[in-house]
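Please read the structure below before turning to the comments.
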Amino acid sequence: MGELEGRRALITGAGRGMGRAHALKMAQHGAEIVVQDIDRELAHQTVALVEKAGGTARAMVGDVSEIADLKAKVAAAGAIDILVNNAGIDRPGTIEEIDEAGFDAMFAIHVKGAFFATQAVVPGMKARRWGKIVNVSSIWGMTGFTSHSHYCAAKAALLGLTKAWAKELAPWNINVNALAPGGVWTEMELAQRGPEGIREAEARVPLGRWSQPEEQSESVLFLVTDRSSFITGQCISANGGSTIVGI
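Shown next as structure tokens:
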């Protein structure tokens, strides 16, 4: 039996990139996967990949910032033992360029979506006295970065939620931690930077490269299994040493 046999995991933004990698990794270890994504086709592609690998999955299509819809769909998914708040966007802009709609969208998806997805699953976790919640932040939520201030602020907010929830939920044996990836080869980053832009950024990383999504999933797996039973309120930043040099 896998370490996650009998557990049901909800991963937001799991249609591609890191979210898809997290889904496949947890399914490999026995979890039943709920693949949430705003893109129906991508969500069902991830479900198909999980099933092809011998796992069990279902799709949950919707926008995490639409709270009433999110809550209804989480309730319909059944008991959630593991929640990975992974859904996110990244829309660059200087201080002068970011408008109110762009600012609100950044916080609605990263922060509000994570908050209310968590609110929806916590009662069941409390009743079963077991739960694992992982908030996917970013190295930029720790260090900041130019022309992405609203993104950095939203990711930093997830770190604050992680600490507060860890304290509040500890009496029910619910672990809450964060992952703050450095550079990752994902479709979103490729669309923004292109391969050459990523390779230029890789040159500044002490380990000389960005990670693959599957490498980030190893940290998530650690945080959602009993391997991390005595760890809560912490942040793992898998970044190849980038914080050492202040990237």
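Just remember that the numbering used here sits 139 ahead of the position in the sequence shown, which is counted from 1. Quick reminder that beta carbons are idealized off the backbone N, C-alpha and C, glycines included.
Collapsed DSSP secondary structure at residue i in the structure displayed
i: Ile234; result: coil
i: Ile383; result: helix
i: Asp176; result: strand
i: Gly270; result: strand
i: Ile150; result: strand
i: Val171; result: In the sequence under discussion, the amino acid at residue 171 is Glu, which differs from the Val named in the question. DSSP places Glu171 in strand when its eight states are reduced to three.
Spatial distance of residue i from residue j (CA atoms)
i: Ala342; j: Met245; result: 29 Å
i: Ile177; j: Gly347; result: 34 Å
i: Leu298; j: Met165; result: 23 Å
i: Asp202; j: Arg179; result: 11 Å
i: Lys306; j: Gly372; result: 7 Å
i: Ile228; j: Ile248; result: 7 Å
i: Gln351; j: Glu205; result: 30 Å
i: Ile420; j: Asp208; result: Residue 420 cannot be examined here, being either before or after the span of the chain that is shown, 140 to 386.
i: Val186; j: Gly232; result: 34 Å
i: Val273; j: Ala256; result: 12 Å
i: Cys374; j: Ala292; result: 16 Å
i: Pro262; j: Gly141; result: 25 Å
i: Ala192; j: Glu353; result: 15 Å
Proximity of residue i and residue j at Cβ, strictly below 8 Å
i: Gly387; j: Pro345; result: It is not possible to answer for residue 387, since the shown part of the chain is limited to 140 through 386.
i: Val389; j: His161; result: Residue 389 lies beyond the range of the chain shown here (140 to 386); nothing can be said about it.
i: Ile221; j: Ala170; result: yes
i: Lys294; j: Ser276; result: yes
i: Val200; j: Leu163; result: no
i: Leu149; j: Val250; result: no
i: Asn378; j: Pro320; result: yes
i: Ala182; j: Gly154; result: yes
Residue from the options with nearest C-alpha to residue i
i: Ile219; options: Trp304, Leu143, Pro334, Ser350; result: Leu143
i: Trp324; options: Ala153, Met157, Gly141; result: Met157
i: Leu362; options: Pro352, Ile313, Glu335; result: Ile313
i: Ser356; options: Arg146, Gly145, His168, Arg147; result: His168
i: Pro310; options: Met281, Arg197, Phe369; result: Phe369
i: Gly385; options: Ile278, Leu329, Tyr290, His289; result: Ile278
i: Gly145; options: Arg267, Ala317, Glu354, Ser276; result: Arg267
i: Arg147; options: Ser367, Ile337, Trp269; result: Trp269
i: Gln175; options: Gly152, Ser288, Gly280; result: Gly152
i: Leu360; options: Gly241, Arg332, Leu318; result: Leu318
i: Asp365; options: Lys210, Lys271, Gly241, Arg230; result: Lys271
i: Met327; options: Gly241, Glu235, Gln258, Ala226; result: Ala226
Run through the segment 277-319 for me and flag every whole alpha helix (DSSP H) of 4 or more residues, listed as ranges in chain order. 278-282, 288-308
Let me know the beta strand (DSSP E) ranges lying completely inside the segment 185-255, each 3 residues or longer, listed in chain order. 195-200, 221-224
For the segment 324-350, which segments carrying the beta strand (DSSP E) assignment without a break, of at least 3 residues, lie completely within its bounds, in sequence order? none
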